[in-house]
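Some notes on the structure that comes next.
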Amino acid sequence: MTDHTSPVYEARYGWDRRTRGLVAASAVFTAVLLLPETPLLTQLLGVPLSGGGGLFMAYAASSGKVAFRVDETGVLLGGNPARYRATTTHVPWDDITGFVLWHQAMGGPSLPCIGVTRRKGAPSLPGEFPKLRAALKYLVPVPGDGAMASRVVTGWRFDKARLVAAVAHFAPEVPVRDRL
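Per full-length UniProt numbering, residue 1 is the first one in the sequence shown, and the count goes up by one each step.
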């Protein structure tokens with residue numbers, strides 16, 4: 001249970017509407033693939049993909065791992081639940097110059113994202129490569145640094161008011177820019 005009186009903002013992976021829908025659709029699709037009239041090759045390819053994808057989403061939602069946290073030390077950008085330790089990073093307040101809330105276009109519906117912008121000279125984040133940063137300027141509507149230090153809001157619930165309150169409490173000089 002989240003303590004809404006604490007100035008700390010923490011969001012954990014869980015069962016949001018999108019995750020429920022994707023897991024349910026995966027289960028239905030897997031069940032359809034298992035019908036006797038479905039060609040064997042389709043079953044051999046489709047069942048592991050749709051069933052495995054659904055199981056992974058269920059695992060991620062059930063993990064309860066921290067997806068995003070703002071506290072007195074800075075910001076924790078939670079990683080992919082399957083590789084959580086390798087993909088989670090912490091950004092200290094001294095390196096943060098702002099927050100940006102933005103959307104990543106995906107051809108259809110866009111995905112909401114939240115990121116931090118960092119001071120020049122801040123240490124590289126895990127998985128940050130110069131060529132990737134260069135490519136990002138053509139792929140996302142925010143600067144490469146903000147994109148590298150962003151997380152997609154999927155599999156967890158985002159509460160903008162609590163984020164703004166936490167930032168105001170721990171680092172009142174740090175702006176939160178809303179492009180959502």
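For each residue, glycine too, the CB sits at the ideal point set by N, CA and C.
Fair warning: this is a prediction, and the values are worked out from it, not measured in the lab.
With DSSP as the reference, label residue i as helix, strand or coil.
| i | result |
| --- | --- |
| Trp102 | strand |
| Pro172 | coil |
| Leu44 | helix |
| Leu55 | helix |
| Pro112 | strand |
| Ser63 | helix |
| Pro81 | helix |
Using the DSSP secondary-structure output, state which residues sit across from residue i in a beta bridge.
| i | result |
| --- | --- |
| Ala86 | Paired residues: none, contrary to the question. |
| Pro39 | Per DSSP, none; premise fails for Pro39. |
| Ala11 | Phe68 |
| Val164 | For Val164, which the question treats as bridged, DSSP gives no partner whatsoever. |
| Pro92 | Gly74 |
| Arg118 | Ile96 |
Please name the residue, chosen from the options, that lies closest to residue i on a Cα-to-Cα basis.
| i | options | result |
| --- | --- | --- |
| Thr30 | Met148, Gly51 and Val100 | Gly51 |
| Thr154 | Met57, Gly121, Leu49 and Pro7 | Met57 |
| Leu22 | Leu45, Leu34 and Ala60 | Ala60 |
| Ser124 | Val91, Arg69 and Gly74 | Val91 |
| Val164 | Leu76, Val142, Ala105 and Val100 | Val100 |
| residue 181 | Trp15, Cys113 and Arg69 | Since the displayed the chain opens at 1 and closes at 180, residue 181 lies outside it and no answer follows. |
| Tyr13 | Leu35, Pro81 and Met106 | Pro81 |
| Val8 | Ala161, Leu40 and Gly54 | Ala161 |
| Gly54 | Ser63, Arg85 and Arg20 | Arg20 |
| Thr97 | Arg119, Leu111 and Pro36 | Arg119 |
| Ala147 | Leu40, Pro112 and Leu44 | Pro112 |
| Ser63 | Gly79, Arg17, Gly74 and Leu49 | Gly79 |
To the nearest whole angstrom, what separates the beta carbons of residue i and residue j, a pair I think is in contact under 8 Å?
| i | j | result |
| --- | --- | --- |
| Glu72 | Phe170 | 6 Å |
| Ala67 | Asp95 | Their Cβ separation, rounded to whole angstroms, is 20 Å, which puts Ala67 and Asp95 out of contact at 8 Å. |
| Ala166 | Leu77 | With a Cβ gap of about 14 Å, Ala166 and Leu77 do not count as contacting. |
| Gln104 | Val174 | Not quite, the Cβ-Cβ distance comes to about 22 Å (not below 8 Å), so this is no contact. |
Alpha helix (DSSP H) containing residue i: first to last residue?
| i | result |
| --- | --- |
| Gly21 | Arg17 to Leu33 |
| Leu49 | Here Leu49 belongs to no alpha helix (DSSP H), and DSSP marks it neither H nor E. |
Please list the terminal residues of the continuous beta strand (DSSP E) segment that includes residue i.
| i | result |
| --- | --- |
| Arg179 | Neither: Arg179 is in no beta strand (DSSP E) and is coded neither H nor E. |
| Ser150 | Ser150 to Val152 |
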